[in-house]
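As structure tokens, the structure follows; a few thoughts come after it.
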Amino acid sequence: MKFDIVIVGAGITACVLAEQLSKQGRSILIIEQRNHIGGNCYDFRNDNNLLIHKYGPHIFHTNKEEVWQYLSNFTDWEPYTHRVLADVEGKLVPIPFNLNSLRDCFPTSLANQLETKLLERFGYGKKVSILDLRKEVDEDLQFLSNYIYEKVFVGYTTKQWDVSPTDLDPSVTGRVPVFISRDNRYFQDKYQSLPRLGYTEMFKNMLDNKNIHILLATNYFDVHQQLQYEKMIFTGKIDTFFDCKFGALPYRDLRFEFIDYNLEHFQEVAQVNYPCNHDYTRITDFSRFYNRTKHFGTSIAKEFSCEHNPLENLSPYYPVPNKESEIIFQKYLSEAKNNENIIFAGRLGNYKYYNMDDAVSKALELVKKI
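In terms of the working numbering, the sequence shown opens at residue 579 and continues consecutively.
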């Protein structure tokens with residue numbers, strides 16, 4: 579099989595690259611080990627007529643005009659504002675923890691006192707990482723930071739990553755800050771929506787080009803000797819490509835329990851987090867995503883974090899960013915430089931967590947260099 583470019587993987591990075599490069603007249607072969615395109619963004623419509631995010635909730639949000647305009651070529655958008663609640667001592671409070679959360683958790687007089695301290699110290703609208711808040715010397719702010727850390731942050735983070743928050747890279751610990759605001763939205767980006775017909779349909783539109791050929795349910799390593807190409811873009815695990823010669827990089831996985839209910843909705847928002855109680859980290863109610871779509875009952879997903887087992891899950895969810903994994907990754911990065919016609923891209927190829935808009939943006943930039 580001879581192609582101008584072989585792309586291993588069919589996630590969001592691969593789809594953008596294939597779409598852009600195929601327009602240049604290049605012949606593209608996509609090889610995907612799963613039986614569908616879209617990577618972890620894959621969705622499907624179930625018997626309740628609900629779009630189910632098979633690999634957990636994916637909410638598109640961005641401030642990047644170029645990314646928004648680009649994806650809008652392939653989908654119309656369903657307006658959606660993501661709001662998350664967390665079970666904190668039996669109360670459902672807004673997450674990220676904000677000024678409204680204060681009033682849900684504490685008596686009015688104490689909430690007023692803590693709010694005043696936060697506003698004086700940081701100002702309205704600021705976002706502060708929990709680890710930075712814990713460095714404050716003020717007794718009230720120390721009390722608040724310890725409360726949030728113990729009741730909201732440490733339990734969820736430990737379940738998700740199986741390590742203490744202090745052992746993670748700041749890029750992880752800063753992802754869900756304390757928000758000095760009354761804005762209950764989970765994201766504050768300019769654009770926030772869901773593809774109207776789903777992510778899978780959007781990706782199908784992106785790959786609708788005669789120059790793009792797709793092999794599903796195919797392991798690249800089973801067919802690589804049959805391939806001829808000018809360039810290959812590998813979006814799978816970089817350590818696997820090099821047969822883990824410098825050691826296996828750590829990843830975290832997710833496991834889901836999907837349950838159907840004969841209810842219009844299961845919970846008041848799409849996502850409820852469980853930081854301290856239960857083995858699962860969160861519950862997603864898919865009936866909350868597309869409120870204008872007629873559905874028959876609802877479907878939920880209970881989400882459990884676990885260590886990556888390549889025998890059970892073909893593609894892991896999260897690289898584990900810490901000092902030890904960075905040392906190993908840098909060795910693979912150096913090795914990759916010896917392969918001039920192979921490019922490593924995406925979340926697994928770059929061993930870095932990307933939001934969807936980041937993945938699209940980086941893929942668009944990469945196209946200019948190929």
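Cβ atoms here follow ideal geometry from the backbone N, Cα and C, with glycine treated the same way. These numbers come from a predicted model, not from an experiment.
Local conformation of residue i per DSSP, three classes
| i | result |
| --- | --- |
| ALA826 | coil |
| HIS886 | coil |
| GLU842 | coil |
| PHE922 | strand |
| THR859 | coil |
| ASN851 | strand |
| TYR896 | strand |
| PHE765 | coil |
| ARG774 | coil |
| SER877 | strand |
| ARG712 | coil |
Among the options, the one whose alpha carbon lies nearest that of residue i
| i | options | result |
| --- | --- | --- |
| TYR895 | GLY924, VAL754, ASN917 and LEU785 | GLY924 |
| PHE882 | ASN855, PHE874, PRO888 and PRO828 | ASN855 |
| GLY589 | TYR727, VAL850, ALA937 and GLU728 | ALA937 |
| GLU808 | ILE921, ILE726 and ILE792 | ILE921 |
| ASP786 | GLU597, GLU842 and ILE673 | GLU597 |
| SER679 | PHE638, ILE708, HIS660 and ILE726 | ILE726 |
| VAL847 | PHE824, PHE867 and GLY927 | PHE867 |
| ASN916 | ARG774, PHE820 and PRO674 | PHE820 |
| TRP646 | PHE684, PHE700, MET934 and GLU913 | MET934 |
| GLU885 | LEU832, GLN908, PHE864 and SER723 | LEU832 |
| ALA826 | GLU904, GLU728 and VAL584 | GLU904 |
| GLY587 | ASN900, ILE906 and PHE781 | PHE781 |
Cα-Cα separation between residue i and residue j, rounded to whole angstroms
| i | j | result |
| --- | --- | --- |
| TYR620 | TYR633 | 7 Å |
| GLN766 | GLU698 | 22 Å |
| THR735 | ILE861 | 16 Å |
| TYR897 | TYR829 | It is Pro, not Tyr, that sits at residue 897 in the sequence shown. In a straight line, the C-alpha of PRO897 is about 5 Å away from that of TYR829. |
| GLU918 | ASN762 | 47 Å |
| PHE836 | ALA879 | 4 Å |
| SER600 | LYS947 | 15 Å |
| THR796 | THR818 | 16 Å |
| LEU841 | THR778 | 26 Å |
Local Cβ density within 10 Å of residue i, reported as buried at 16 or more and exposed below that
| i | result |
| --- | --- |
| GLN738 | buried |
| TYR702 | exposed |
| ASN676 | buried |
| VAL754 | buried |
field: Every unbroken beta strand (DSSP E) within the stretch 599–681, with a cutoff of 3 residues, ordered by chain
entry: 606–609, 621–623, 629–631, 638–640, 655–657, 662–666 and 669–673
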